[in-house]
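Remarks on the structure that follows.
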Amino acid sequence: MKSCLLFRLLFRLLVCLPFTAQSFCAEPNISGRVTDASGKAIQDAFVCLAPINAYGRDLVVTKSDEKGGFALVSRQRVTSVRYAVVAWKPGYGVAYAVDRTSDIHSSEGEIPIALGLRLVLPQPVAPITFQVLDPQGNPVSSAAIELRSVTEPGNSDEGFWVRSSNGIPFLRQRTDPRGMVTFDFVPPTSEIGFSVKTEEFGAQHASIMSDQAPGASSLRLLPTTRVQLQVLSEDGLPMPNRELNCWTRLDPKVQQSTNNALEVRHGFVEMKTNAEGRVEANMLSGQANFG
Numbered sequence: 003m004k005s006c007l008l009f010r011l012l013f014r015l016l017v018c019l020p021f022t023a024q025s026f027c028a029e030p031n032i033s034g035r036v037t038d039a040s041g042k043a044i045q046d047a048f049v050c051l052a053p054i055n056a057y058g059r060d061l062v063v064t065k066s067d068e069k070g071g072f073a074l075v076s077r078q079r080v081t082s083v084r085y086a087v088v089a090w091k092p093g094y095g096v097a098y099a100v101d102r103t104s105d106i107h108s109s110e111g112e113i114p115i116a117l118g119l120r121l122v123l124p125q126p127v128a129p130i131t132f133q134v135l136d137p138q139g140n141p142v143s144s145a146a147i148e149l150r151s152v153t154e155p156g157n158s159d160e161g162f163w164v165r166s167s168n169g170i171p172f173l174r175q176r177t178d179p180r181g182m183v184t185f186d187f188v189p190p191t192s193e194i195g196f197s198v199k200t201e202e203f204g205a206q207h208a209s210i211m212s213d214q215a216p217g218a219s220s221l222r223l224l225p226t227t228r229v230q231l232q233v234l235s236e237d238g239l240p241m242p243n244r245e246l247n248c249w250t251r252l253d254p255k256v257q258q259s260t261n262n263a264l265e266v267r268h269g270f271v272e273m274k275t276n277a278e279g280r281v282e283a284n285m286l287s288g289q290a291n292f293g
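Per my numbering, residue 3 is the first one in the sequence shown, and the count goes up by one each step.
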């Protein structure tokens with residue numbers, strides 16, 4: 003009898019292991035289906051639960067099954083954090099649901115819950131290609147391009163912003179040797195916000211409209227200044243190993259005044275203080291907001 007019970011216990015543990023890596027056999031609190039506009043199930047679509055207004059939160063990613071179904075488990079309780087569920091598959095546009103609607107329920111101190119979501123992947127607009135240039139007009143190769151937002155043009159309340167460290171993982175791209183990159187996932191009637199991250203120029207943010215005419219355009223990065231800071235406590239003591247996030251609003255004097263549809267709007271830097279509470283970073287000229 004003892005050996006039989008042991009076998010049953012081991013069997014149940016083994017059955018649970020594939021799910022344990024993500025959720026310790028917990029019931030999913032985010033679930034639904036991914037379809038196209040006709041209602042046909044889409045298999046192998048990427049689905050991500052992402053924080054909208056918080057840094058340093060883990061993104062939970064999965065793929066839809068043969069029936070378009072997906073299930074995500076997140077046990078991070080909401081502390082002034084809002085969430086978006088984002089879905090995409092090559093050949094389609096991005097789809098999302100946000101917790102400002104009735105789709106996702108997330109209250110202070112609670113786990114976000116969304117059961118039975120339906121994410122409809124639209125047909126994307128024509129691919130949008132552009133070139134990333136440095137301040138001198140030279141192509142910037144191997145720059146990381148990371149999706150940050152999908153909103154309605156002129157209405158940032160309709161859509162989502164993702165402030166994770168590296169954007170949506172399955173939509174990250176890099177510029178080629180000529181500094182070129184193509185967005186082939188832009189849904190109709192939308193504005194895409196993204197960051198361009200390089201070692202020399204930090205993370206600079208821009209946006210592009212879905213109705214922009216296809217073809218090559220360019221985004222010229224702005225020059226940065228090397229800044230040194232020391233973070234002190236209220237008692238004047240250095241604060242080591244402190245993570246800092248800095249958003250920089252551009253100084254009006256350096257705002258670009260071209261008619262180009264692509265322009266840098268603001269900058270972003272992630273930093274961590276050393277043993278003396280000091281950090282160094284390349285930052286745009288403008289009003290810096292730390293968090």
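Virtual Cβ for every residue (Gly too), placed ideally from N, Cα, C. Fair warning: this is a prediction, and the values are worked out from it, not measured in the lab.
Can you grab the Cα-Cα spacing for the pair residue 237 / residue 246, in whole Å?
-> Your numbering for residue 237 matches position 235 in the sequence shown. Your numbering for residue 246 matches position 244 in the sequence shown. For residue 237 and residue 246, the distance between alpha carbons rounds to 19 Å.
Between residue 122 and residue 38, which are expected to be in contact by the criterion C-beta below 8 Å, what is the C-beta distance as a whole number of angstroms?
-> Translated into positions along the sequence shown, residue 122 becomes position 120. Translated into positions along the sequence shown, residue 38 becomes position 36. Residue 122 to residue 38, Cβ: 7 Å. Contact.
Hey, how far is the Cα of residue 171 from the Cα of residue 62?
-> Along the sequence shown, read from residue 1 onward, the residue named residue 171 stands at position 169. Along the sequence shown, read from residue 1 onward, the residue named residue 62 stands at position 60. Their backbone Cα atoms lie some 10 Å apart in a straight line.
Would you mind working out which of 223, 116 and 194 sits nearest residue 145, comparing C-alpha positions?
-> Looking up residue 145 in the sequence shown gives position 143. The option with the nearest alpha carbon to residue 145 is 223.
Other residues of its chain near residue 280: CB distance less than 6 Å, five sequence neighbours each side excluded | Within the sequence shown, residue 280 is the residue found at index 278, counting from 1. Result list for residue 280: 232, in chain order.
From residue 177 to residue 128, what distance separates their C-alpha atoms?
-> The residue labelled residue 177 in the question sits at position 175 within the sequence shown. The residue labelled residue 128 in the question sits at position 126 within the sequence shown. Straight-line Cα distance between these residues: approximately 19 Å.
At what residue ranges does the stretch 181-215 contain a whole run of the beta strand (DSSP E), taking only runs of 3 or more?
-> 182-185, 193-200 and 204-211
Report all residues from its chain with a CB closer than 6 Å to the CB of residue 26; omit the five preceding and five following residues, and keep chain order.
-> Here residue 26 refers to the residue found at position 24 of the sequence shown. In this predicted model, residue 26 has a pLDDT of only 37, less than 50, meaning its place in the structure is not dependable; the value taken from the coordinates is given anyway. Closer than 6 Å at Cβ, skipping near neighbours: no residue.
Within the same chain, show all residues whose beta-carbon is closer than 6 Å to that of residue 23, passing over the 5 residues directly before and after it, in chain order.
-> What you label residue 23 is simply residue 21 of the sequence shown in a count that begins at 1. Only weak support exists for where residue 23 lies, its pLDDT of 33 falling under 50; the value from the coordinates is given anyway. Correct list: empty, nothing qualifies.
Can we count residue 151 as close to the ligand NAD, meaning its CB is less than 7 Å from some heavy atom?
-> No copy of the ligand NAD occurs in the structure displayed, which carries no ligand at all.
Could you tell me whether the stretch 283-290 touches the stretch 198-206, where touching means 3 or more Cβ pairs closer than 8 Å?
-> yes
Between residue 261 and residue 220, what straight-line distance do the alpha-carbon atoms span, to the nearest angstrom?
-> Residue numbering aside, residue 261 sits at position 259 when the sequence shown is read from its first letter. Residue numbering aside, residue 220 sits at position 218 when the sequence shown is read from its first letter. With a pLDDT of only 45 at residue 261, under 50, the local geometry of the prediction cannot be trusted, and the value read off the model is given with reservation. Their backbone Cα atoms lie some 11 Å apart in a straight line.
Kindly indicate the opening and closing residues of the beta strand (DSSP E) around residue 132.
-> Counting from 1 along the sequence shown, the entry for residue 132 is found at position 130. Residue 132 -> beta strand (DSSP E) spans 130-135.
Rounded to whole angstroms, what's the CA-CA distance from residue 206 to residue 35? Just pull it up for me.
-> On the sequence shown, residue 206 is found 204 positions in, with the first residue counted as 1. On the sequence shown, residue 35 is found 33 positions in, with the first residue counted as 1. When rounded, the distance between both Cα atoms is 34 Å.
Compute the distance between the beta-carbons of residue 95 and residue 138, then report whether it is under 8 Å.
-> For the purposes of this step, residue 95 is taken as residue 93 along the sequence shown, with counting starting at 1. For the purposes of this step, residue 138 is taken as residue 136 along the sequence shown, with counting starting at 1. Not a contact, by the Cβ cut-off of 8 Å.
Can the beta-carbon of residue 85 be found closer than 8 Å to that of residue 152?
-> Here residue 85 is taken as the residue at index 83 of the sequence shown, counted from 1. Here residue 152 is taken as the residue at index 150 of the sequence shown, counted from 1. The answer is no: Cβ separation not under 8 Å.
Round the Cβ separation of residue 147 and residue 174 to the nearest angstrom and send it over; I've been treating them as touching at under 8 Å.
-> The residue given as residue 147 occupies position 145 in the sequence shown. The residue given as residue 174 occupies position 172 in the sequence shown. Confirmed, Cβ separation roughly 7 Å.
Could you have a look at residue 171 and say whether DSSP puts it in helix, strand or coil?
-> Position 169 of the sequence shown, counting from 1, holds the residue named residue 171. It is helical.
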